[in-house]
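Structure first, then comments.
Protein chains: 2
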Amino acid sequence: MKNAFYAQSGGVTAVINASACGVIETARKHKGKIGKVLAGRNGIIGALTEDLIDTSKESAKAIAGLRHTPAGAFGSCRYKLKSIEEHKAQYERLIEVFKAHDIGYFFYNGGGDSADTCLKVSRLSEQMGYPIIAVHVPKTVDNDLPVTDNCPGFGSVAKYIAVSTREATLDVASMAKTSTKVFVIEVMGRHAGWIAAAGALASDKDLDLPVVVLFPEIAFDRAKFLARVDATVKKFGYCTVVVSEGVKGPDGRFLSDQGVRDAFGHAQLGGVAPVIAGLVKSELNLKYHWAVADYLQRAARHVASKTDVAQAYATGKAAVEVALKGRNSVMPAIKRVSNRPYKWKVEIAELKDVANKEKFMPRNFISADGFGITEKCRQYLTPLIQGEDYPPYKNGLPQYVRLKNVGVKKKLGEFKV
Amino acid sequence: MKNAFYAQSGGVTAVINASACGVIETARKHKGKIGKVLAGRNGIIGALTEDLIDTSKESAKAIAGLRHTPAGAFGSCRYKLKSIEEHKAQYERLIEVFKAHDIGYFFYNGGGDSADTCLKVSRLSEQMGYPIIAVHVPKTVDNDLPVTDNCPGFGSVAKYIAVSTREATLDVASMAKTSTKVFVIEVMGRHAGWIAAAGALASDKDLDLPVVVLFPEIAFDRAKFLARVDATVKKFGYCTVVVSEGVKGPDGRFLSDQGVRDAFGHAQLGGVAPVIAGLVKSELNLKYHWAVADYLQRAARHVASKTDVAQAYATGKAAVEVALKGRNSVMPAIKRVSNRPYKWKVEIAELKDVANKEKFMPRNFISADGFGITEKCRQYLTPLIQGEDYPPYKNGLPQYVRLKNVGVKKKLGEFKV
Numbered sequence: 001m002k003n004a005f006y007a008q009s010g011g012v013t014a015v016i017n018a019s020a021c022g023v024i025e026t027a028r029k030h031k032g033k034i035g036k037v038l039a040g041r042n043g044i045i046g047a048l049t050e051d052l053i054d055t056s057k058e059s060a061k062a063i064a065g066l067r068h069t070p071a072g073a074f075g076s077c078r079y080k081l082k083s084i085e086e087h088k089a090q091y092e093r094l095i096e097v098f099k100a101h102d103i104g105y106f107f108y109n110g111g112g113d114s115a116d117t118c119l120k121v122s123r124l125s126e127q128m129g130y131p132i133i134a135v136h137v138p139k140t141v142d143n144d145l146p147v148t149d150n151c152p153g154f155g156s157v158a159k160y161i162a163v164s165t166r167e168a169t170l171d172v173a174s175m176a177k178t179s180t181k182v183f184v185i186e187v188m189g190r191h192a193g194w195i196a197a198a199g200a201l202a203s204d205k206d207l208d209l210p211v212v213v214l215f216p217e218i219a220f221d222r223a224k225f226l227a228r229v230d231a232t233v234k235k236f237g238y239c240t241v242v243v244s245e246g247v248k249g250p251d252g253r254f255l256s257d258q259g260v261r262d263a264f265g266h267a268q269l270g271g272v273a274p275v276i277a278g279l280v281k282s283e284l285n286l287k288y289h290w291a292v293a294d295y296l297q298r299a300a301r302h303v304a305s306k307t308d309v310a311q312a313y314a315t316g317k318a319a320v321e322v323a324l325k326g327r328n329s330v331m332p333a334i335k336r337v338s339n340r341p342y343k344w345k346v347e348i349a350e351l352k353d354v355a356n357k358e359k360f361m362p363r364n365f366i367s368a369d370g371f372g373i374t375e376k377c378r379q380y381l382t383p384l385i386q387g388e389d390y391p392p393y394k395n396g397l398p399q400y401v402r403l404k405n406v407g408v409k410k411k412l413g414e415f416k417v
Numbered sequence: 001m002k003n004a005f006y007a008q009s010g011g012v013t014a015v016i017n018a019s020a021c022g023v024i025e026t027a028r029k030h031k032g033k034i035g036k037v038l039a040g041r042n043g044i045i046g047a048l049t050e051d052l053i054d055t056s057k058e059s060a061k062a063i064a065g066l067r068h069t070p071a072g073a074f075g076s077c078r079y080k081l082k083s084i085e086e087h088k089a090q091y092e093r094l095i096e097v098f099k100a101h102d103i104g105y106f107f108y109n110g111g112g113d114s115a116d117t118c119l120k121v122s123r124l125s126e127q128m129g130y131p132i133i134a135v136h137v138p139k140t141v142d143n144d145l146p147v148t149d150n151c152p153g154f155g156s157v158a159k160y161i162a163v164s165t166r167e168a169t170l171d172v173a174s175m176a177k178t179s180t181k182v183f184v185i186e187v188m189g190r191h192a193g194w195i196a197a198a199g200a201l202a203s204d205k206d207l208d209l210p211v212v213v214l215f216p217e218i219a220f221d222r223a224k225f226l227a228r229v230d231a232t233v234k235k236f237g238y239c240t241v242v243v244s245e246g247v248k249g250p251d252g253r254f255l256s257d258q259g260v261r262d263a264f265g266h267a268q269l270g271g272v273a274p275v276i277a278g279l280v281k282s283e284l285n286l287k288y289h290w291a292v293a294d295y296l297q298r299a300a301r302h303v304a305s306k307t308d309v310a311q312a313y314a315t316g317k318a319a320v321e322v323a324l325k326g327r328n329s330v331m332p333a334i335k336r337v338s339n340r341p342y343k344w345k346v347e348i349a350e351l352k353d354v355a356n357k358e359k360f361m362p363r364n365f366i367s368a369d370g371f372g373i374t375e376k377c378r379q380y381l382t383p384l385i386q387g388e389d390y391p392p393y394k395n396g397l398p399q400y401v402r403l404k405n406v407g408v409k410k411k412l413g414e415f416k417v
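Line order of the protein sequences matches chains C and R. Positions 1 to 417 (this note's numbering) are the ones given, in order, by the first sequence. Positions 1 to 417 (this note's numbering) are the ones given, in order, by the second sequence.
Here is the structure:
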């Protein structure tokens with residue numbers, strides 16, 4: 001009976017801990033078949049430096065609390081393993097740590113880069129003779145993993161952006177007569193426009209709101225954009241622009257990279273929202289306000305999608321179940337069974353089909369003019385934000401869990417990463 | 001039996017419509033004593049231009065829905081009346097409109113500037129012989145009105161900032177090992193630091209988080225701030241900075257006003273968050289992320305404070321009740337009866353004591369070092385964010401009400417504002 005290693009990787013989300021909860025609770029249910037779940041402190045770095053957390057020291061209540069706690073309870077990292085050929089010492093170290101702590105299962109919870117790391121670890125058996133079962137648990141607010149219909153983490157950020165865009169657009173509608181006419185909100189998604197697309201959900205049949213979306217998939221056309229904002233403000237009196245941080249100009253450069261210097265000569269560390277707002281002001285002379293949601297959007301567990309929480313938990317649970325069946329180098333994926341009513345199930349994808357591939361918005365999800373979403377896209381997105389899953393509150397604030405994170409006694413020498 | 005005029009003024013909030021709901025529902029309960037509630041389209045401008053909305057055309061369900069709908073359902077405006085001496089024509093026009101529509105009650109829902117406008121209107125009886133009862137309904141996210149213990153609108157933005165700061169700080173805690181170490185969030189409050197103070201609530205006895213607050217009441221001391229961030233990151237590994245948009249340097253200039261120009265030579269329309277983030281990067285070489293909450297914070301009805309919603313409704317209700325008792329030139333104010341348990345009631349304040357005064361954070365609410373709040377401040381703030389009051393959801397989104405806003409037939413000639 002082997003122990004399991006679990007770690008969180010890359011940018012965290014509102015529901016990555018729900019996946020951790022699924023992994024740990026499911027492992028605890030199979031006590032005869034799987035030992036302790038040892039978590040990497042700060043992702044794979046915890047494995048390399050033998051900085052392991054003994055999750056068996058946490059109460060059932062604390063682990064259950066992970067389901068409603070955002071961010072990464074064990075710490076995450078941005079660290080990509082090179083190939084076994086390029087950096088054999090790291091893999092030898094991993095095997096050394098796995099051996100020392102009797103680890104036979106490797107669960108890695110992350111996005112595209114993490115799927116690649118997990119794939120490399122899954123090959124330790126064949127390439128270096130160490131028997132390990134490596135399963136990737138999908139997570140990314142960017143929703144850019146292939147094979148899976150959607151990624152845990154995305155539904156909640158999509159809900160946050162849709163709700164916030166609806167609220168702020170009602171705000172600007174109130175102010176437009178004598179004050180702000182254009183509101184700009186910058187959202188995440190450097191390469192794929194899924195999160196930006198969610199902004200368009202703010203407007204629907206029940207509440208028609210003027211929302212213009214700028215996708216990273218569509219090269220920014222200054223004249224066309226200004227004409228669109230101008231026409232929208234003339235029609236509605238106001239307008240909201242949802243802009244992806246990854247929007248690029250026709251020259252392929254990020255719009256946020258304007259070569260601006262501050263008073264001290266440092267590069268201006270701006271987002272794209274102030275650039276868009278500045279354009280609206282200078283070219284159309286319209287009063288604006290702008291917001292940059294940044295971490296607020298991906299940490300917003302208080303307005304998480306119930307569907308997303310359920311899927312995050314389910315993929316964590318399925319990871320353990322499939323590992324116990326001996327499947328290596330796989331990832332539980334979400335399969336959409338039907339749209340209305342929305343039904344989904346977990347299927348098992350091969351990791352080689354997932355790693356190092358990005359899924360962008362298909363062109364037929366973006367409206368012909370490039371500033372909105374199609375009905376097809378709306379049908380895809382809408383189910384993912386369904387349901388509310390509020391955390392418990394105490395004293396007016398969500399009661400998020402902080403684990404004890406007791407370290408496992410080290411048995412090996414130091415290793416520098 | 002006279003009709004009533006109601007209007008919304010200044011920046012809107014998550015709960016100003018709850019006050020409108022209180023006004024209209026209460027007026028409807030006193031049908032024999034008060035006529036229709038006619039709302040100004042876009043605030044006082046609607047009165048001047050005779051652009052009135054007949055709220056009697058709205059169903060009871062739609063009016064009830066205002067209680068959970070953010071922003072200003074009738075439109076707001078930023079428009080301050082001059083004195084009667086300076087701009088007599090405007091007051092004559094107001095009287096003309098009031099006469100034409102048989103208006104005997106004037107309810108004005110706003111902040112400090114609006115209290116001033118309401119005070120001027122309340123003097124129409126004595127100064128121009130038109131009998132009117134003018135009552136101000138308090139509203140401001142800035143919480144800077146005097147006399148009242150707190151302002152409807154503030155509790156909800158405080159809750160939003162406290163919750164968001166808690167969530168984003170857990171996020172940066174997860175990332176700090178290999179990535180972001182300092183998260184900066186910019187909040188509203190150009191003169192008073194009440195909203196910034198709410199960021200400090202993110203950390204409490206249950207969840208100790210490193211939060212550094214920059215108040216507009218405390219002149220920014222660059223060296224002291226950097227030393228504080230440096231020490232905090234050394235101790236915790238990460239840090240969140242909550243910065244008020246109104247923070248000024250020792251020279252009295254807004255920190256956000258760095259004289260920065262963009263690539264086209266336009267003034268950079270930046271917030272203060274990127275300035276603070278830039279400082280952290282250039283002087284401490286720490287990786288940062290920053291967010292600007294802007295309208296998202298004051299429109300965030302999805303995470304409103306139940307206490308705030310109740311107080312917004314109660315002040316609207318009390319405004320009508322006190323008007324029916326013949327009291328002119330007053331404002332329903334919140335009186336704190338006790339802290340533990342928190343009890344409050346509505347009292348009636350004289351408008352002359354409210355108008356044109358701002359309430360700043362008392363120095364004993366700010367910690368000695370200037371970067372946090374005192375226990376006294378925490379005791380003041382905590383009750384105001386108590387309770388959740390979720391809007392109904394449909395299709396994954398809050399079902400916010402949009403009124404029909406049927407115009408009243410005009411009887412007078414045009415008037416330019």
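Note that the Cβ used here is the ideal one computed from N, Cα and C, for glycine as well.
As assigned by DSSP and simplified to three states, the class of residue i
{"i": "residue 16 of chain C", "result": "helix"}
{"i": "residue 77 of chain R", "result": "coil"}
{"i": "residue 133 of chain R", "result": "strand"}
{"i": "residue 418 of chain R", "result": "The displayed coordinates of chain R run from 1 to 417. Any statement about residue 418 of chain R would go beyond what the structure contains."}
{"i": "residue 39 of chain C", "result": "strand"}
{"i": "residue 310 of chain R", "result": "helix"}
{"i": "residue 91 of chain R", "result": "helix"}
{"i": "residue 333 of chain R", "result": "strand"}
{"i": "residue 402 of chain C", "result": "coil"}
{"i": "residue 343 of chain C", "result": "strand"}
Chain R contact residues for residue i, given Cβ-Cβ distances below 8 Å
{"i": "residue 70 of chain C", "result": "167, 170, 171"}
Contacts that residue i makes with chain C (C-beta to C-beta distance below 9 Å)
{"i": "residue 45 of chain R", "result": "177, 178"}
{"i": "residue 433 of chain R", "result": "The displayed coordinates of chain R run from 1 to 417. Any statement about residue 433 of chain R would go beyond what the structure contains."}
{"i": "residue 292 of chain R", "result": "186, 271, 273, 274, 290, 291, 292, 293, 294"}
Any chain R beta carbon closer than 7 Å to residue i
{"i": "residue 78 of chain C", "result": "yes"}
{"i": "residue 396 of chain C", "result": "yes"}
{"i": "residue 125 of chain C", "result": "no"}
{"i": "residue 164 of chain C", "result": "yes"}
{"i": "residue 150 of chain C", "result": "no"}
{"i": "residue 302 of chain C", "result": "yes"}
{"i": "residue 269 of chain C", "result": "Low confidence applies here, because residue 269 of chain C scores a pLDDT of 48, under 50, leaving its location unreliable; read the following figure in that light. Answer yes: the Cβ-Cβ gap between residue 269 of chain C and chain R drops below 7 Å somewhere."}
{"i": "residue 386 of chain C", "result": "yes"}
{"i": "residue 236 of chain C", "result": "no"}
{"i": "residue 42 of chain C", "result": "yes"}
{"i": "residue 299 of chain C", "result": "yes"}
CB contact check: residue i to chain C, cutoff 7 Å
{"i": "residue 107 of chain R", "result": "no"}
{"i": "residue 199 of chain R", "result": "no"}
{"i": "residue 160 of chain R", "result": "no"}
{"i": "residue 75 of chain R", "result": "yes"}
{"i": "residue 137 of chain R", "result": "no"}
{"i": "residue 401 of chain R", "result": "no"}
{"i": "residue 296 of chain R", "result": "yes"}
Cβ-Cβ separation, residue j to residue i (assumed contact under 8 Å), whole Å
{"i": "residue 120 of chain C", "j": "residue 81 of chain C", "result": "5 Å"}
{"i": "residue 210 of chain R", "j": "residue 232 of chain R", "result": "5 Å"}
{"i": "residue 329 of chain R", "j": "residue 350 of chain R", "result": "7 Å"}
{"i": "residue 386 of chain R", "j": "residue 396 of chain C", "result": "5 Å"}
Chain-ordered neighbours of residue i on chain C, where CB pairs are closer than 8 Å
{"i": "residue 382 of chain R", "result": "395, 396"}
Contact list for residue i against chain C, beta-carbon separation under 7 Å
{"i": "residue 462 of chain R", "result": "Nothing about residue 462 of chain R can be read from this structure; chain R reaches only from 1 to 417."}
> Taking only runs of the alpha helix (DSSP H) that begin and end inside the stretch 214-265 of chain C, which ones reach a length of at least 4 residues, in chain order?
Replying inline: 222-236
> For the stretch 90-176 of chain R, which segments carrying the beta strand (DSSP E) assignment without a break, of at least 3 residues, lie completely within its bounds, in sequence order?
Replying inline: 103-110, 133-138
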